[in-house]
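Asks:
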Amino acid sequence: MEDKLTVIFDFDGTLANTIELVGKIYNNHAHEFGAIPVDLTDLDAYRKLGYKKAMKKAKIRWTVLPRLVLFVSKEMKQHMAEVPPYPGVVNMLKNLQKAGISIGVLTSNNAALVNEFFKNNNFPVFDFIVSEKTLFGKEKALRKIIKRHKLEAHRVVYVGDEPRDVTACYKAGIKVIGVTWGVGGRIGLEDTPPDRIVDTADQLETSIREYQLKEKIR
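Under my numbering, think of the first position of the sequence shown as 4, with each following residue one higher.
1) In three-state terms, what does DSSP make of arginine 199?
2) Hey, would you say tyrosine 1 sits closer than 8 Å to tryptophan 184, going by beta carbons?
3) In its own chain, which residues sit with a C-beta less than 8 Å from the C-beta of isoleucine 39, not counting the 5 before and 5 after it?
4) Nearest-angstrom Cα distance between aspartate 198 and methionine 95?
5) Does the beta-carbon of glutamine 81 have 16 or more other beta-carbons within 10 angstroms, so that it is buried, or is it exposed?
6) Can you give the Cα-Cα distance for proline 166 and glycine 187, rounded to whole angstroms?
7) Find out if the Cβ-Cβ distance for the pair isoleucine 284, leucine 99 is shorter than 8 Å.
8) Where does the unbroken alpha helix (DSSP H) through leucine 24 begin, and where does it stop?
9) If you draw a straight line from the alpha carbon of asparagine 124 to that of methionine 83, how long is it in whole angstroms?
10) Apply the 10 Å Cβ neighbour rule to threonine 209 and answer buried if 16 or more other Cβ atoms are within range, or exposed otherwise.
11) On the DSSP letters alone, give me the boundaries of the beta strand (DSSP E) that leucine 109 sits inside.
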């Protein structure tokens, strides 16, 4: 695998459209965490605010965020059948595999649930799926993947939707592409700019293929 380009995908908000489900669970329990519900009919408005301003508007304190995230993750287990993939991502992944690109997943979600989601939605078989139960330790998880699979950092690209993904990738020394359809949105990503920002699965595939071409020329 070390001679190939390897692309590591985030799961929630990148491959799986879990945002609406997360919003529903959050609204039902926001008061338990001292926060206020959000308007699910206008989620784009929260994306445009960026990460920090959206949290401030919803009165989500940083001190309760880890506990809130863990709670929502547990609740999601009962509703994963309701979650669809984002438009175009399944075909994009199949095309990348046909082009000889290795694909993997790094998620904080439950591995069994993630595998079930992929099976139910006709995803291709990934080269690896890693589940790490951590909110802010993605840098270490990325380094472990690179070491375990004997990858070269310059041949690894991460695809995610949140500013913290970008920060983790820079610390791990790998390239990162941000997708605007997830939690962070374009404004959130522009506040912590990745190497590239894409708006559609087609744009994402094009960007990855360009990285692949550069590695072949190298």
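Glycine is no exception: its CB is placed at the ideal position from the N, C-alpha and C atoms. In this text, all values refer to a predicted model and were calculated from it rather than measured experimentally.
Replies: Result, derived from the coordinates:
1) Residue 199 sits at position 196 when you count from the first residue of the sequence shown. Here DSSP, grouped into helix, strand and coil, assigns arginine 199 to strand.
2) Here the chain has residues from 4 to 221 only, and residue 1 is not among them.
3) Here residue 39 refers to the residue found at position 36 of the sequence shown. These residues qualify, in order along the chain: Ala33, Ala61, Lys62.
4) If you number the sequence shown from 1, residue 198 lands on position 195. If you number the sequence shown from 1, residue 95 lands on position 92. When rounded, the distance between both Cα atoms is 20 Å.
5) Position 78 of the sequence shown holds residue 81. Exposed: under 16 other Cβ atoms inside 10 Å.
6) The sequence position of residue 166 within the sequence shown is 163, counting from 1. The sequence position of residue 187 within the sequence shown is 184, counting from 1. Distance between the alpha carbons of proline 166 and glycine 187 is about 7 Å.
7) Only positions 4 to 221 of the chain appear in this structure, which leaves residue 284 out of reach.
8) On the sequence shown, position 21 is the one that residue 24 refers to. Taken as a continuous stretch (DSSP letters only), the alpha helix (DSSP H) holding leucine 24 covers 22-32.
9) Your numbering for residue 124 matches position 121 in the sequence shown. Your numbering for residue 83 matches position 80 in the sequence shown. In this model, asparagine 124 and methionine 83 are separated by some 12 Å (Cα to Cα).
10) Counting from one through the sequence shown, the residue named residue 209 turns up at place 206. Counting every other CB atom within 10 Å of its CB across the protein chains shown gives threonine 209 a total below 16, marking it as exposed.
11) Within the sequence shown, numbered from 1, the residue matching residue 109 stands at position 106. Taken as a continuous stretch (DSSP letters only), the beta strand (DSSP E) holding leucine 109 covers 105-110.
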